[in-house]
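Residue numbers (our numbering), protein chains in the order written: chain A, 1032 to 1170; chain B, 229 to 353. Worksheet for the structure shown next.
This is the structure in structure tokens:
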């Protein structure tokens, strides 16, 4: 298994095709979201199993590193969704989109749509971070 | 260029069903998960969230149903995605089998904990 991991990781580094990066990004954003989700289900379940601990869990989420992570999480979720819709669209209606010469453009458009959706959300979250954790904007 | 199309009927197996459910759940997760982060992370924000907030939200059964669907579809989608990724690295049938069972167990335990909390609701200390 370790040999498999090694082969795969070196393959990731050596691969030169553009389509591979968006494939990797889909996996990384998916794994990142899953990691957060597992933690989030358990910390929310505290409201039933140990409600007195909930304030501590929330305090952790209000810390600066977690708020920055949250901004990243929103990007992961948006990109994973936009790219997932793109994959389904190509599979069902536009198989030509999978052609190799399109890969660069496809990645660029998917990233631009994701970033455009993310920027307003990130703006609000950065505002909240500066307001509540750094006392700006009268926070 | 002329194209020949042919239809192939495959007997559904576990992986073809799982693959379809990745797509079905994905369609549902776009409104469910995006809506959830838009409301909780952007519009409300983590500084407004506390035990009272969760209690008020869950006082309406519709939000409990929303969270229940989100839990069911998002976590299953994620754990099955993890299974697909791990299958790229774990190729021996025996270890794939063990990995799948472990993930099923992990999915079941975490889902049950989440489901009990949604159904049980907030217990004010």
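Glycine included, each C-beta is placed from N, C-alpha and C at the ideal position.
For a contact defined as C-beta to C-beta under 7 Å, what are the partners of residue i on chain D?
{"i": "residue 319 (chain B)", "result": "Chain labels in this structure do not include chain D; the protein chains are A and B."}
Taking all protein chains shown into account, do 16 or more other C-beta atoms lie within 10 angstroms of the C-beta of residue i, making it buried, or fewer, making it exposed?
{"i": "residue 1101 (chain A)", "result": "buried"}
{"i": "residue 316 (chain B)", "result": "exposed"}
{"i": "residue 1141 (chain A)", "result": "buried"}
{"i": "residue 1068 (chain A)", "result": "buried"}
{"i": "residue 1111 (chain A)", "result": "buried"}
{"i": "residue 318 (chain B)", "result": "buried"}
{"i": "residue 286 (chain B)", "result": "buried"}
{"i": "residue 278 (chain B)", "result": "exposed"}
{"i": "residue 305 (chain B)", "result": "buried"}
{"i": "residue 1117 (chain A)", "result": "buried"}
{"i": "residue 338 (chain B)", "result": "buried"}
{"i": "residue 1094 (chain A)", "result": "exposed"}
{"i": "residue 1090 (chain A)", "result": "exposed"}
{"i": "residue 1149 (chain A)", "result": "buried"}
{"i": "residue 1086 (chain A)", "result": "exposed"}
{"i": "residue 1098 (chain A)", "result": "buried"}
{"i": "residue 359 (chain B)", "result": "Residue 359 (chain B) lies beyond the range of chain B shown here (229 to 353); nothing can be said about it."}
{"i": "residue 1167 (chain A)", "result": "exposed"}
{"i": "residue 1113 (chain A)", "result": "buried"}
{"i": "residue 1119 (chain A)", "result": "exposed"}
{"i": "residue 1034 (chain A)", "result": "exposed"}
What did DSSP end up calling residue i once you bin it into helix, strand or coil?
{"i": "residue 1081 (chain A)", "result": "coil"}
{"i": "residue 287 (chain B)", "result": "coil"}
{"i": "residue 1094 (chain A)", "result": "coil"}
{"i": "residue 1136 (chain A)", "result": "helix"}
{"i": "residue 351 (chain B)", "result": "coil"}
{"i": "residue 1087 (chain A)", "result": "helix"}
{"i": "residue 277 (chain B)", "result": "coil"}
{"i": "residue 1159 (chain A)", "result": "helix"}
{"i": "residue 215 (chain B)", "result": "Absent from the structure is residue 215 (chain B), since the part of chain B shown begins at 229 and ends at 353."}
{"i": "residue 320 (chain B)", "result": "coil"}
{"i": "residue 250 (chain B)", "result": "helix"}
{"i": "residue 1125 (chain A)", "result": "coil"}
{"i": "residue 1112 (chain A)", "result": "helix"}
{"i": "residue 1167 (chain A)", "result": "coil"}
{"i": "residue 231 (chain B)", "result": "coil"}
{"i": "residue 1101 (chain A)", "result": "helix"}
Considering only the alpha carbon of each residue, which of the options lies closest to residue i?
{"i": "residue 1147 (chain A)", "options": "A:1138, A:1053, A:1116 and A:1109", "result": "A:1109"}
{"i": "residue 303 (chain B)", "options": "A:1052, A:1034, A:1129 and A:1061", "result": "A:1061"}
{"i": "residue 1115 (chain A)", "options": "A:1036, A:1054, A:1097 and A:1157", "result": "A:1054"}
{"i": "residue 1157 (chain A)", "options": "A:1107, A:1135, A:1122 and A:1103", "result": "A:1103"}
{"i": "residue 331 (chain B)", "options": "B:345, B:307 and B:257", "result": "B:307"}
{"i": "residue 1155 (chain A)", "options": "B:260, B:274, B:278 and B:314", "result": "B:274"}
{"i": "residue 300 (chain B)", "options": "B:288, B:311, B:268 and B:252", "result": "B:252"}
{"i": "residue 256 (chain B)", "options": "B:271, B:231 and B:295", "result": "B:295"}
{"i": "residue 1122 (chain A)", "options": "B:243, B:248 and B:237", "result": "B:248"}
{"i": "residue 1063 (chain A)", "options": "B:309, B:322, B:348 and B:327", "result": "B:309"}
{"i": "residue 352 (chain B)", "options": "A:1038, A:1059, A:1152 and A:1082", "result": "A:1082"}
{"i": "residue 343 (chain B)", "options": "A:1139, A:1080, A:1168 and A:1052", "result": "A:1080"}
{"i": "residue 346 (chain B)", "options": "B:288, B:250 and B:232", "result": "B:288"}
{"i": "residue 1151 (chain A)", "options": "B:321, B:320, B:265 and B:276", "result": "B:265"}
{"i": "residue 271 (chain B)", "options": "A:1125, A:1159, A:1092 and A:1129", "result": "A:1159"}
{"i": "residue 1107 (chain A)", "options": "A:1075, A:1130, A:1037 and A:1058", "result": "A:1058"}
Report the CB separation of residue i from residue j in whole angstroms; it is logged as a contact under 8 Å.
{"i": "residue 350 (chain B)", "j": "residue 283 (chain B)", "result": "4 Å"}
{"i": "residue 298 (chain B)", "j": "residue 261 (chain B)", "result": "7 Å"}
{"i": "residue 269 (chain B)", "j": "residue 1105 (chain A)", "result": "6 Å"}
{"i": "residue 1084 (chain A)", "j": "residue 1077 (chain A)", "result": "5 Å"}
{"i": "residue 1072 (chain A)", "j": "residue 267 (chain B)", "result": "That belief does not hold up - the Cβ atoms of residue 1072 (chain A) and residue 267 (chain B) are roughly 17 Å apart, past 8 Å."}
**Request:** Closer than 7 Å, Cβ to Cβ, to anything on chain B: give me those residues from the region 1140-1169 of chain A, in chain order.
**Result:** Of all residues in the region 1140-1169 of chain A, those with a C-beta nearer than 7 Å to a C-beta of chain B are 1152, 1155, 1156, 1159 and 1163, reading in chain order.
**Contact list for the region 301-312 of chain B against chain A, Cβ threshold 8 Å** = Listed in sequence order: 302, 303, 306, 307, 309 and 310.
**Message:** Short of 7 Å Cβ to Cβ, which residues in the region 280-291 of chain B face chain A?
**Reply:** Under the 7 Å Cβ criterion, the region 280-291 of chain B contributes 282.
**Request:** Could you list the residues in the region 333-348 of chain B with a C-beta less than 7 Å from some C-beta on chain A, going in chain order?
**Result:** Under the 7 Å Cβ criterion, the region 333-348 of chain B contributes 338, 341, 342, 344, 345 and 348.
**Item:** Short-range partners of chain B found in the region 1054-1076 of chain A, where Cβ spacing is below 8 Å
**Value:** For the region 1054-1076 of chain A, the beta-carbon criterion of a distance under 8 Å to any beta-carbon of chain B is satisfied by 1058, 1061, 1062, 1064, 1065, 1068, 1069, 1072, 1073, 1075 and 1076.
**Request:** Give the residues from the region 1086-1104 of chain A that approach chain B closer than 9 Å (Cβ to any Cβ), ordered along the chain.
**Result:** Cβ contacts with chain B: 1086, 1089, 1092, 1093, 1097, 1098, 1101, 1102 and 1104.
**Residues of the region 1113-1139 of chain A whose Cβ lies closer than 8 Å to any Cβ of chain B, in chain order** = Residues of the region 1113-1139 of chain A with a Cβ closer than 8 Å to any Cβ of chain B, in chain order: 1115, 1116 and 1119.
**Message:** Can you pull out the residues from the region 234-246 of chain B whose beta carbon lies closer than 8 Å to at least one beta carbon of chain A?
**Reply:** Against chain A - using a Cβ distance shorter than 8 Å - the region 234-246 of chain B contributes no residues.
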